[in-house]
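Scroll down for the structure; my scribbles are underneath it.
In the working numbering, the protein residues as written are 45 to 201.
Written out as structure tokens, the structure is:
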């Protein structure tokens with residue numbers, strides 16, 4: 045019985061580890077993760093003001109994707125304003141987006157909060173984004189940033 049449980053656990057681990065981004069381009073109307081719509085979505089530029097009043101907010105946010113994980117599509121960044129972006133991760137690592145999603149406008153539904161990201165984690169994401177060794181080496185301080193844990197993502201434009 046114990047061997048059977050171990051074999052099943054190993055198979056599940058192998059499947060999860062080999063998960064890949066959806067093939068092709070992100071097209072308007074496609075959803076990833078939970079099925080969502082754009083009804084009552086707010087512009088992501090409104091999010092920083094909400095996060096000064098609460099630690100965590102659960103909203104549908106509409107924004108433009110400026111970057112994503114080029115390896116698996118397991119994270120992306122959205123433009124909040126001229127100087128700020130929001131880092132979006134997929135809940136429970138349960139779904140990915142196409143790696144060619146940058147430039148698309150999306151609606152993301154999930155929990156948003158402020159997090160201080162460690163240097164090691166920032167370097168990891170820089171490697172995912174295929175930054176140069178020089179750019180990665182230049183990361184020397186933690187960064188306070190807006191994070192979104194997405195339940196679902198809808199491509200709208």
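Backbone N, C-alpha and C define an ideal beta-carbon position, used for all residues, glycine too.
- Taking only runs that begin and end inside the stretch 87-122, name each unbroken alpha helix (DSSP H) of 4 or more residues, in chain order. For the stretch 87-122, the continuous alpha helix (DSSP H) assignments of 4+ residues that do not extend past its boundaries occur at 91-97, in sequence order.
Report task. Assign residue 187 to one of three DSSP states: helix, strand, or coil. Result -> The residue given as residue 187 occupies position 143 in the chain shown. DSSP places residue 187 within a strand segment (E or B) once states are collapsed to three.
| message | Could you give the first and the last residue of the continuous alpha helix (DSSP H) run that contains residue 180? | response | In the chain shown, residue 180 corresponds to position 136, counting from 1. Counting along the chain, the alpha helix (DSSP H) containing residue 180 begins and ends at 177-181.
Item to complete: Kindly give me the distance between the Cβ atoms of residue 196 and residue 165, rounded to whole angstroms, as I take these residues to be in contact under 8 Å.
Response: Taking the first residue of the chain shown as position 1, residue 196 is located at position 152. Taking the first residue of the chain shown as position 1, residue 165 is located at position 121. Their Cβ separation, rounded to whole angstroms, is 24 Å, which puts residue 196 and residue 165 out of contact at 8 Å.
Would you call the CB atoms of residue 151 and residue 105 closer than 9 Å?
By 1-based counting over the chain shown, the position of residue 151 is 107. By 1-based counting over the chain shown, the position of residue 105 is 61. Yes, the Cβ-Cβ distance between residue 151 and residue 105 is below 9 Å.
- Query: Taking the Cβ atom as the reference point for each residue, do residue 146 and residue 192 lie within a distance shorter than 9 Å?
  - Reply: For this step, residue 146 is matched to residue 102 along the chain shown. For this step, residue 192 is matched to residue 148 along the chain shown. The answer is no: Cβ separation not under 9 Å.
Count the other CB atoms within 10 Å of the CB of residue 131; is the residue buried (16 or more) or exposed (fewer)? In the chain shown, the residue the question calls residue 131 occupies position 87. With 16 or more other Cβ atoms within 10 Å, it is buried.
Self-check item: Where the alpha helix (DSSP H) containing residue 132 begins and where it ends
Solution: On the chain shown, position 88 is the one that residue 132 refers to. Run containing residue 132: none in the alpha helix (DSSP H); it sits in the beta strand (DSSP E), 129-134.
- In the DSSP assignment, find the beta strand (DSSP E) that holds residue 155 and state where it starts and stops. On the chain shown, position 111 is the one that residue 155 refers to. Residues 149-161.
Which residue's Cα is closest to the Cα of residue 111: 163, 72, 182 and 148? On the chain shown, residue 111 is found 67 positions in, with the first residue counted as 1. The shortest C-alpha separation from residue 111 is found at 148.
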